[in-house]
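For reference, the structure discussed in these notes is given below.
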Amino acid sequence: MSESLSPPNIVPLEQILPDEPLLMMGAGPVPIPQKVAAANSIVINHLGDTMNRVIEQVKDMSRYVFQTRSSHVMGVSGPGSAAMEMAIANLVTPGSRVLCITNGYFSQRLAEMARRVRAEPTILEMPRNQGADIETVERELQRTKYDVVTMVQGETSNTVYNRNLEQIAKLAKKYGCLIIVDAVCTLSTMPLEMDNWQVDAIITGGQKGLSSIPGVSLLAFSEEAWSRKIANRQDLPYHWCLDAQLADKFWNQKSYHYTAPVSGILALHEALRLVCEETLPNRFRRHLRCSEALQAGLEAMGLELLVEKQHRLNSVIGIVVPDHVSADAVRADMSCVHKVEISGAFGLNILRIGQMGEQSRAHNLFRTLHAFGSSMRKCGAKLDLPAGMAELERVLSH
Ligand SMILES: *Cc1c(COP(=O)(O)O)cnc(C)c1O
């Protein structure tokens, strides 16, 4: 008989975590407000009157944030990708023809998920660093009959923005398709009107635009998607946890599906409440102003942004790393010296700075731009740090 295991040697968390928390200015997760953090520390019963009241409010606030009157708004325990998979698993059936409009990593993930539920995705890839073009999409919809169209509002991976989302969603409808939109990084940072733009499913995560915690996500199905695809579906979806009809038991019928992530839902409640308190128009204005000021500051320093203005996402900014500068060294110096964390990219030679939720605050911009310029210069980039700071100040106070 072998010996039983002894406890491993474990270092306490406080010795692993930095003394001072890093300012999270990358592509997510983003800083969370104190109210969100406090709610996240509470555990309550997942069923019963208290939870029911919380869920009703979460749904009402979500309807405002998604701009929909649909009764099919629900949460999912899991990352933004779980919400993406839930939308796909319920609206895409085996053999469905799915048109996946792709501009990068996350839009391709939707295609991969469609393939895994045994559909036949067709990938319509946009030219490098460009948003989806209306004519190209319409030509494809004329050429072939599709059941579902998928796209992202913002491609966090390479900082490309699908500015024509509204027109493309309406086109998809005109050609009889359901349209699924990934708004994980963009929701509540810029306009997205589910009902008016005729979108059938919108997905979001907690840890980006909403400034909540990672691991609890939201999605909304249109009334049409629900009645046409979900309520009438003959076969069972592949994923039990992601089955929207089962999830509806918890989100609309006050009964049990799986144990809801109660703390995360309370955190989301607070994050949504702060969005409602600020109101969407004010929140969009804050994000736009902050992102434009940061972009102007970066350019005034002499740095180049990856994506042309017309196709550029404001929620996450991609900065080209100059030749002979190591992106990893810049990030390491920023974390170590300035206690600011930003993101690298998926194989691209860019660094990414987020402008989502709490990231879009003037004091965070000054600290981040200074840290970025200073670390870049230390790592060999030629740039004018004071000029960048002055431009940030100028645009913000404009
Ligand atoms: C972050 C992100 C995702 C994935 O979210 P996870 O929580 O990491 O699963 C999907 N789509 C977009 C556009 C994102 O920005």
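Numbering (our numbering), first residue to last: 58 to 455.
All C-beta atoms, glycine included, are put in the ideal place defined by N, C-alpha and C.
From the options, residue whose alpha carbon lies closest to that of residue i
i, options, result
"H335", "G414, A428, S320", "Strictly speaking, residue 335 in this sequence is Glu, with His absent from that position. Per the Cα distances, G414."
"C333", "T425, F123, G135", "F123"
"G354", "L442, I407, N371", "L442"
"L405", "S214, G262, M143", "S214"
"R418", "R342, S383, E448", "R342"
"R154", "N147, R196, A144, R175", "R175"
"V241", "V217, E212, I112, P294", "E212"
"H103", "K306, V256, L370", "K306"
"C436", "V387, K396, R285", "V387"
"Y295", "E450, L148, M131", "L148"
"L249", "L337, C298, P69, E169", "L337"
"A277", "G445, I101, V133", "V133"
"Y313", "L323, G321, Q302", "Q302"
"M131", "H344, W283, V364", "W283"
"D385", "I376, L345, S400, N371", "S400"
"N221", "V93, M208, T125", "M208"
"L325", "V373, L74, S268", "S268"
"R200", "L156, V273, L449", "L156"
"S454", "I374, V377, E349", "E349"
Cβ-heavy atom distance, residue i to ligand 1, below 7 Å
i, result
"C298", "no"
"P136", "yes"
"P271", "yes"
"V241", "yes"
"G83", "no"
"V122", "no"
"T213", "yes"
"G414", "no"
"V364", "no"
"M208", "no"
"G266", "no"
"M141", "yes"
"F341", "no"
"G401", "no"
"G262", "yes"
"F429", "no"
"F163", "yes"
N-terminal and C-terminal residue of the beta strand (DSSP E) that residue i is part of
i, result
"S153", "Careful: S153 lies outside any beta strand (DSSP E) and carries neither H nor E."
"I260", "258-261"
"E182", "177-182"
"V377", "373-377"
Reduced DSSP secondary structure (H/G/I, E/B, other) of residue i
i, result
"A277", "strand"
"S61", "coil"
"S400", "strand"
"P294", "coil"
"I73", "helix"
"I407", "strand"
"R369", "strand"
"Y218", "strand"
"E448", "helix"
"L80", "strand"
"L345", "helix"
"I67", "coil"
"M251", "coil"
"N147", "helix"
"R285", "helix"
"R126", "coil"
"A353", "helix"
"G188", "coil"
"G85", "coil"
"K231", "helix"
"L453", "helix"
"S268", "coil"
"N102", "coil"
"H314", "coil"
Per DSSP, cross-strand counterpart(s) of residue i
i, result
"G132", "L275"
"T207", "C157, I237"
"E212", "V217"
"L362", "I376"
First through last residue of the alpha helix (DSSP H) which encompasses residue i
i, result
"L329", "319-335"
"M118", "106-123"
"G430", "419-435"
"E415", "Note, E415: premise wrong, no alpha helix (DSSP H); not H, not E."
"T243", "Here T243 belongs to no alpha helix (DSSP H), and DSSP marks it neither H nor E."
"P191", "Correcting the residue type first, residue 191 is Ile in the shown sequence and not Pro. Residues 191-200."
"L303", "301-310"
"S164", "162-173"
"A438", "Here A438 belongs to no alpha helix (DSSP H), and DSSP marks it neither H nor E."
"R388", "384-390"
"K92", "91-96"
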